[in-house]
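In our numbering, the protein residues as written are 264 to 344. Even for Gly, the Cβ is constructed at its ideal location relative to N, Cα and C. See below for the structure under consideration.
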């Protein structure tokens, strides 16, 4: 048995179900495909998505809160690349 199978991974939905202009949820940062059938996805797939969400959240926070200098925002990758 894989160790991931021992734990139930949480649904990242926070109840803000509105898509941005790129198709990502403004609340949980998942794409439509990542949101679709969350409960039926394999644990490994859920874990992969949760890691992506953590990266997206970090980039969003850097862009919104920490991107005060012109050089840092010019060299940062797009939020969902």
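Cβ-based neighbour list, residue i, same chain, cut-off 8 Å, excluding 5 preceding and 5 following
| i | result |
| --- | --- |
| residue 274 | 301 and 302 |
| residue 291 | 275, 276, 277, 279, 298 and 316 |
Between the CA atoms of residue j and residue i - distance to the nearest angstrom
| i | j | result |
| --- | --- | --- |
| residue 379 | residue 280 | No answer is possible for residue 379: it lies beyond the span of the chain, which begins at 264 and ends at 344. |
| residue 284 | residue 320 | 17 Å |
Option in the options with minimal Cα separation from residue i
| i | options | result |
| --- | --- | --- |
| residue 272 | 309, 321 and 282 | 309 |
| residue 270 | 306, 325, 323 and 318 | 306 |
Exposure of residue i, with buried meaning 16 or more beta-carbon neighbours within 10 Å
| i | result |
| --- | --- |
| residue 311 | exposed |
| residue 295 | exposed |
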